[in-house]
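J.: Residue numbers (UniProt numbering): 1 to 146. Here a beta-carbon is modelled for each residue, glycine too, at the ideal position from N, C-alpha and C.
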Amino acid sequence: MYPPKTAQLLCSVPCTLNSSIRFVQKSINNMKAQIVLIVCFAVCCWARTVSEEQVQDVVSAPASEDVHAETLRLETENNGVDKYSFAYDTSNGISRSEEGELKTTEEGAAIVVQGTTSWIAPDGKRYEFSFNADETGYHPIFKLVA
Numbered sequence: 001m002y003p004p005k006t007a008q009l010l011c012s013v014p015c016t017l018n019s020s021i022r023f024v025q026k027s028i029n030n031m032k033a034q035i036v037l038i039v040c041f042a043v044c045c046w047a048r049t050v051s052e053e054q055v056q057d058v059v060s061a062p063a064s065e066d067v068h069a070e071t072l073r074l075e076t077e078n079n080g081v082d083k084y085s086f087a088y089d090t091s092n093g094i095s096r097s098e099e100g101e102l103k104t105t106e107e108g109a110a111i112v113v114q115g116t117t118s119w120i121a122p123d124g125k126r127y128e129f130s131f132n133a134d135e136t137g138y139h140p141i142f143k144l145v146a
C-alpha cells in the first residue's frame, strides 16, 4: 500500500485539519469578543462625554440671588399629638405657612391640612398657591396676587 511515512502523513492530516478548524473558531470567537469590548468602550466614552457636557451646562448657569436669601421670620408649633403649624418669610419675598390638625370623622381619624405659599416671580408679579387637604381630598388654588 503506502510507504510508512506516507501513511503516517495521511493519518495526521485529519488531526491537523481539526486543529486548524478549532484554531479558526477560537480566532473568530476572540475577534467577536474584541468587537464587543470595543463597542462597549466606545459607548462608555460617548456616555461620559454627554454627561460632562450636561454638567458643564448646569455649572455655567447663572446663579440666582435666591441662594443668598435670609429667613426673616420663622414660627413653628408642634404639640406632637394632634396639631402642628409653621410659617416663614424670606428676604427674597417667599412666604410659606401651613397648619394641620387631627380631625375625627365617622370613618375614623384624618389629618386636615391647609397651607399657603407665595413668591415673587422673575416677571415681578406675586403669585400665591393655597391648598386644603382633608378626608375629601386635596384642593389646590393658584392665583396671581399682584
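From Arg96 to Glu77, what does the alpha carbon distance come to, in whole angstroms?
T.: Reading the sequence shown from its first residue, position 96 is the one you call residue 96. Reading the sequence shown from its first residue, position 77 is the one you call residue 77. Computed Cα separation, rounded: 14 Å.
J.: Taking the C-alpha atoms as reference points, what is the distance between Glu98 and Tyr127?
T.: Here residue 98 refers to the residue found at position 98 when the sequence shown is read from its first residue. Here residue 127 refers to the residue found at position 127 when the sequence shown is read from its first residue. Using only the alpha carbons, I get a separation of about 17 Å.
J.: Between the C-alpha atoms of Asn121 and Gly100, what's the straight-line distance to the nearest angstrom?
T.: By one-based count along the sequence shown, residue 121 stands at place 121. By one-based count along the sequence shown, residue 100 stands at place 100. One detail in the question is off: residue 121 reads as Ala in this sequence, not Asn. Whole-angstrom Cα-Cα distance: 27 Å.
J.: Give a yes or no on whether the C-beta atoms belonging to Asp123 and Asn92 are separated by under 7 Å.
T.: To locate residue 123, count along the sequence shown from 1; it is residue 123. To locate residue 92, count along the sequence shown from 1; it is residue 92. Against a cut-off of 7 Å, the Cβ pair of Asn92 and Asp123 comes out as no contact.
J.: When the Cα of Thr116 is compared with those of Val36, Leu144, Gln34, Ile38, which residue comes out closest?
T.: Counting from 1 along the sequence shown, the entry for residue 116 is found at position 116. Closest option to Thr116, Cα to Cα, is Leu144.
J.: How would you write the range of the beta strand (DSSP E) that Lys83 sits in, first residue to last?
T.: Taking the first residue of the sequence shown as position 1, residue 83 is located at position 83. Here the beta strand (DSSP E) through Lys83 covers 83-90.
J.: Which class does Asn30 belong to by DSSP, given the choice of helix, strand or coil?
T.: Within the sequence shown, numbered from 1, the residue matching residue 30 stands at position 30. DSSP places Asn30 in helix when its eight states are reduced to three.
J.: Run through DSSP, which three-state label would Asp66 get?
T.: Taking the first residue of the sequence shown as position 1, residue 66 is located at position 66. If DSSP states are grouped into helix, strand and coil, Asp66 belongs with the helices.
J.: Taking the straight line between their C-alpha atoms, what separation do you get for Val36 and Asn30?
T.: Counted from its first residue, the sequence shown places residue 36 at position 36. Counted from its first residue, the sequence shown places residue 30 at position 30. Answer to the nearest angstrom: the Cα atoms are 10 Å apart.
J.: CB Leu102 to CB Ile94, shorter than 7 Å?
T.: Residue 102 sits at position 102 when you count from the first residue of the sequence shown. Residue 94 sits at position 94 when you count from the first residue of the sequence shown. It is not a contact, given that the beta carbons lie outside the stated cut-off.
J.: Compare the Cα-Cα distances from Leu72 to each of Ile38, Val81, Gly80, Tyr88 and report the closest residue.
T.: Along the sequence shown, read from residue 1 onward, the residue named residue 72 stands at position 72. Measuring from the Cα of Leu72, the nearest candidate turns out to be Tyr88.
J.: Considering only residues of the same chain and omitting the five flanking positions on each side of Ala133, which have a CB-CB separation below 6 Å?
T.: By 1-based counting over the sequence shown, the position of residue 133 is 133. Counting only Cβ-Cβ distances below 6 Å, and skipping sequence neighbours, we find Val113.
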